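Okay, so here's the structure we're looking at.
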Amino acid sequence: MRWTQSLIPTLKEAPSDAEIVSHQLLLRAGLCRKLAGGLYTFCPLGLRVLRKVEGIIREEMDRAGAQEVLMPSLQPPEIWQRSGRYETARDVLYKAKDRSNKEWILGPTAEEVITTLAASEINSYRQMPQNFYQVSVKFRDEIRPRFGLMRAKEFIMKDAYSFDVSDEASMVSYRKMYDAYTRIFARCGLQAFPVEADTGVIGGNYSHEFMVPAETGENEVVYCESGKYAANIEKAASQGPLTTTPNASTGAAHEKFATPGVVTIEALAAAPYGVAGHAQVKTLVYMADSQVVLILLRGDDQMNEAKLAGKLNATAFRAASAEEIFEAMGAHPGSLGAVTSTRKKLAIRVFADEQLRGACGMTTGANEDGFHLRHVDVERDIQVDVWADLRTVKVGEACKVTGEPLKIRRAIEVGHVFKLGTKYSEKLDSTFLDVDGQRKPTVMGCYGIGVTRTLQAVIEQCHDKDGIVWPMSVAPYQVLVTPLGAAGSATMQLGEEIYKELLAAGIEVLLDDRDERPGFKFKDADLIGIPLRVSVGEKSLAKGEVELKPRGGAFVAVKKEDAVAEVIARVRQSLAALA
RNA sequence: CGGGACGUAGCUCAGCCCGGUAGAGCACUUGGUUUGGGGCCAAGACGUCGCAGGUUCAAAUCCUGUCGUCCCGACCA
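Using the working numbering, read the first sequence as starting at 918 and increasing by one per residue.
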């Protein structure tokens, strides 16, 4: 491709609404343009990268035995009602109406559609395992689209769905996808690593996310330096807090004492009270659907909403409002407690974090503004309905696997694999006759890769101060030929020759045939990040040479007649390193 | 949805406080000059100052509303 015939709208300055470096480079390198918040047009260069990433995904999915299909993005709401997600996922569902006022859903994913297909077409154990994938546009009514392609309203996702006869067989399918994902991200030049993950609204019981470490990532990953444990903070567990919870009962009955104006853990920890955070019980009030529930945590712990969601068994939940809290408890936040004898209403479920099991001599709110209770022995004084791990792990706590101190870093989620079990197959009647003649629900797995997000993650990870540094495998072009003279000059003529020979050899090459100054061309070249540049300038041409410059590396002079062969060799070598 | 900020040329932004001629740099067009890391000179084109009301002799500027964008939070397969 000739630069003069391609739309590569580079920018010297980044638009002010681009906050993170990958978003800025996406726009500055002319890869895409914003149409509206969370909606982007891919320009030619960006589309080429997108196709490269998709190509790698297709090769690896095919290699893993998956079959490509294509499902509708416009989906009937009935199947969403059957799966239950019409309600549980309603906040992210885009809905459209046709001329007869019938409602349709713009699919955020396709479990319902593929399960409908399986229900009608997979009827025997002989037909499994099956794994179907597609690469398609997905729609999500994100509350806050941000960071360019990272979190968009419309984006490209590869989604795959496996169907197996049993849990064990499903595990094999899961493992294949896990391995395929590892290869896909490596081939894209990304350092991505799998972490244990929460399954969220999608359901299921076993899951890993593939994470790209980045300060700008929206996820936090808890990991052990040994490499033996890594988990999303929503899922992560440790051996517990660094301070032990008081657990020796004095036998004393709980006792009310005045704490005027004290409504925070910190205030109660300070003089004159001096009750350490880990000796307090924190009481949170949530609305689970329309039910009030109490959540108890150690005072110095933070609630983990993902963990809570897994225990509540509710369609939706949120923190209760001040009014709802007063109505249920008779006191305001900061003075709340779950001690049975102080409760205004007893028909409220109490969820307590495991750290409070056996806790004695604790202090908590008295359900009376300005008062707390001390000498609270949790199991004696509080009627707990559900014990569960509800706390968020903190840096430095001991790893459950190795005992070493855990670390936390931010990361971008580029892929997610789930074992779904029979959640969807049961609701949408995907059943089969097994070898024993029994009718059983198919056992499913689902596997997603955010293709557009992956593209941006590569930029986030592969750039320097001058621009993008594409890995050869996903670069929009493999080689950029940069003649430094004007049209008709000797350098431009040689550049043309090299360009044509590389094209003939099957190399993806861009020729900067613009009549621009060298500095301008070099800046643009660095910005768009083509991995290998061939510069043809008068100085080196006088010595019968041209210059090869790997993006981010140093110049190498090569005899002009050797240039094409050298370039081809280097491209193949780079590709092989990422195969 | 709560909190905050911002909407002025294609992009980055000044002007707004203190109402009175709409500006700069980059990009774009033309000509000249220059040619190894975003040159220089000259000329030119580009704006309903987001939109709608209001106040005023007069509004980019003050007031109200609205739409959009971004940030923080909530939310989030």
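Note that CB positions come from ideal geometry on N, CA and C, so glycine has one too. For clarity, every value in this text was computed on a predicted model and none was experimentally measured.
Hey, out of N1040, Q1197 and D1353, whose CA is closest to C1277's CA?
Within the first sequence, the letter at position 360 stands for residue 1277. Of the listed residues, the one whose Cα sits closest to C1277 is Q1197.
Figure out for me which residue from P1189, H1171, A1170 and E1172 has the closest Cα to the Cα of G1178.
In the first sequence, the residue the question calls residue 1178 occupies position 261. Answer by Cα proximity: P1189.
DSSP beta-bridge partners of N906:
Residue 906 is absent from the model: the chain starts at 918 and stops at 1496.
Same chain, Cβ closer than 6 Å to S1252, neighbours up to 5 away in sequence not counted
For the purposes of this step, residue 1252 is taken as the residue at position 335 of the first sequence. Within the same chain, S1252 has close Cβ partners G1282 and D1286.
Please classify L952 as buried or exposed, where buried requires at least 16 neighbouring CB atoms within 10 angstroms.
Position 35 of the first sequence holds residue 952. With fewer than 16 other Cβ atoms within 10 Å, it is exposed.
Which two residues bound the contiguous beta strand (DSSP E) that contains H1171?
The count along the first sequence starts at 1 and reaches residue 1171 at position 254. First-last for H1171: undefined, no H or E at that position.
Please return the same chain residues whose Cβ sits closer than 6 Å to the Cβ of I1329, not counting the five positions on each side in sequence.
Numbered from its first residue, the first sequence carries residue 1329 at position 412. Within its own chain, the residues whose Cβ lies closer than 6 Å to the Cβ of I1329, once the five positions on either side in sequence are excluded, are V1129, A1131, G1134 and A1374, listed in chain order.
Ignore the nearest five residues each way along the sequence and tell me which others in L944's own chain have a CB closer than 8 Å to its CB.
As a position in the first sequence, residue 944 is number 27, starting the count at 1. These residues qualify, in order along the chain: L928, A931, P932, A935, R950, K951 and G1065.
Do L1397 and D1429 have their C-beta atoms within less than 8 Å of each other?
Translated into positions along the first sequence, residue 1397 becomes position 480. Translated into positions along the first sequence, residue 1429 becomes position 512. Against a cut-off of 8 Å, the Cβ pair of D1429 and L1397 comes out as a contact.
In the structure shown, what three-state DSSP assignment does P926 receive?
For the purposes of this step, residue 926 is taken as residue 9 along the first sequence, with counting starting at 1. Looking at P926 - three-state DSSP - the assignment turns out to be coil, as it is neither helix nor strand.
What first and last residue would you give for the alpha helix (DSSP H) that runs through Q998?
Within the first sequence, residue 998 is the residue found at index 81, counting from 1. Looking at the DSSP string, the run of the alpha helix (DSSP H) that includes Q998 is P994 to S1000.
In three-state DSSP terms, what is G1286?
Position 369 of the first sequence, counting from 1, holds the residue named residue 1286. It is Asp, not Gly, that sits at residue 1286 in the sequence shown. D1286 carries a coil assignment under DSSP once its states are collapsed to helix, strand and coil.
One question on the structure: do A1006 and P993 come within less than 8 Å of each other, judged by their Cβ atoms?
Position 89 of the first sequence, counted from the start, is the residue given in the question as residue 1006. Position 76 of the first sequence, counted from the start, is the residue given in the question as residue 993. Contact: no.
Near V1391, which residues of its chain fall below 7 Å by C-beta distance, leaving aside the five closest residues on each side in sequence?
The residue given as residue 1391 occupies position 474 in the first sequence. Contacts found: V966, K969, V970, C1105, G1106 and V1375.
Determine, using beta-carbon pairs with one atom in the region 1337-1356 and one in the region 1054-1069, whether at least three such pairs fall under 8 Å.
Judged by Cβ distances under 8 Å, the region 1337-1356 makes no contact with the region 1054-1069, as fewer than three pairs qualify.
By DSSP, does F1472 sit in helix, in strand, or in coil?
Position 555 of the first sequence, counted from the first residue, corresponds to residue 1472. Three-state DSSP puts F1472 in coil, outside helix and strand.
Segment limits, alpha helix (DSSP H) that includes K1456
The sequence position of residue 1456 within the first sequence is 539, counting from 1. Looking at the DSSP string, the run of the alpha helix (DSSP H) that includes K1456 is E1455 to L1458.
Give the single residue among G1247, T1309 and E1172 whose Cα lies nearest to the Cα of D1218.
The count along the first sequence starts at 1 and reaches residue 1218 at position 301. Out of G1247, T1309 and E1172, the CA that lies nearest to the CA of D1218 is found in T1309.
For V1089, count neighbouring C-beta atoms within 10 Å of its own C-beta (all shown protein chains included) and say buried if the count is 16 or more, exposed if not.
Residue 1089 sits at position 172 when you count from the first residue of the first sequence. Using a 10 angstroms sphere on the CB of V1089, the tally of other CB atoms stays under 16, which defines it as exposed.
Where does K1261 fall in DSSP's three states?
By 1-based counting over the first sequence, the position of residue 1261 is 344. Looking at K1261 - three-state DSSP - the assignment turns out to be coil, as it is neither helix nor strand.
Keeping to the same chain, check which residues put their C-beta closer than 7 Å to that of P1163; ignore five residues upstream and five downstream.
In the first sequence, the residue the question calls residue 1163 occupies position 246. Short of 7 Å from the beta carbon of P1163, and not among the five residues preceding or following it, lie these beta carbons of its own chain, in chain order: A1196, A1276, C1277, G1278 and M1279.
Identify the continuous beta strand (DSSP E) that holds S1079 and give its terminal residues.
For the purposes of this step, residue 1079 is taken as the residue at position 162 of the first sequence. According to the DSSP assignment, S1079 belongs to the beta strand (DSSP E) that extends over E1071 to D1081.
Every unbroken beta strand (DSSP E) inside the region 996-1032 [3 residues or more]
Entirely contained in the region 996-1032, the beta strand (DSSP E) runs reaching 3 residues are, in chain order, 1011-1014 and 1020-1023.
Nearest-angstrom Cα separation, counted from H1333 out to V1139:
Along the first sequence, one-based indexing puts residue 1139 at 222. Along the first sequence, one-based indexing puts residue 1333 at 416. Straight-line Cα distance between these residues: approximately 17 Å.
Drop a sphere of 10 angstroms on the beta-carbon of K1012, count the other beta-carbons inside from all chains shown, and report buried for 16 or more, exposed for fewer.
Residue 1012 sits at position 95 when you count from the first residue of the first sequence. Label assigned to K1012: exposed.
Cutoff 8 Å; reference F1056; Cβ partners in own chain excluding five residues on either side
Taking the first sequence and counting its residues from 1, one reaches residue 1056 at position 139. Counting only Cβ-Cβ distances below 8 Å, and skipping sequence neighbours, we find S990, Y1011, L1023, G1024, P1025, K1070 and E1071.
Quick check on this structure: which residue in R1016, V1052, R1002 and I925 has the alpha carbon closest to the alpha carbon of A983?
What you label residue 983 is simply residue 66 of the first sequence in a count that begins at 1. Of the listed residues, the one whose Cα sits closest to A983 is V1052.
The alpha helix (DSSP H) that contains L1444, what's its start and end?
Mapped onto the first sequence, residue 1444 falls at position 527. Run containing L1444: P1435 to I1445, per the alpha helix (DSSP H) assignment.
Are the CB atoms of A1077 and V1364 within a distance shorter than 8 Å?
Numbered from 1 along the first sequence, position 447 holds the residue referred to as residue 1364. Numbered from 1 along the first sequence, position 160 holds the residue referred to as residue 1077. Rather than Val, the amino acid found at residue 1364 in this sequence is Tyr. Their beta carbons are under 8 Å apart, which means Y1364 touches A1077 by this criterion.
Taking the Cβ atom as the reference point for each residue, do L1185 and T1200 lie within a distance shorter than 8 Å?
The residue you call residue 1185 lines up with position 268 of the first sequence. The residue you call residue 1200 lines up with position 283 of the first sequence. With a cutoff of 8 Å on beta-carbon distance, L1185 and T1200 are scored as not near each other.
Assuming I937 contacts L962 under a Cβ cut-off of 8 Å, what Cβ separation, rounded to an integer in Å, is found between them?
Locating residue 937 in the first sequence gives position 20, counting from the first residue. Locating residue 962 in the first sequence gives position 45, counting from the first residue. In fact, because the Cβ distance is near 20 Å, the residues do not count as touching under 8 Å.
If you follow the alpha helix (DSSP H) that P961 is part of, which residue opens it and which one closes it?
On the first sequence, residue 961 is found 44 positions in, with the first residue counted as 1. In this chain, the alpha helix (DSSP H) harbouring P961 covers P961 to R980.
Could you tell me which residues DSSP puts in a beta bridge with K1357?
For the purposes of this step, residue 1357 is taken as residue 440 along the first sequence, with counting starting at 1. Residue pairing by DSSP puts K1357 in a beta bridge opposite F1349.
Touching by the beta-carbon criterion (3+ pairs, under 8 Å), the region 1417-1436 and the region 1352-1366
No, the region 1417-1436 is not in contact with the region 1352-1366.
DSSP three-state assignment for F1268, whether helix, strand or coil:
Numbered from its first residue, the first sequence carries residue 1268 at position 351. In the structure shown, F1268 adopts extended strand secondary structure according to DSSP, grouped into three states.
In the DSSP output, what is V1463 paired with across the bridge?
On the first sequence, residue 1463 is found 546 positions in, with the first residue counted as 1. Beta-bridge partners of V1463 (DSSP): V1475.
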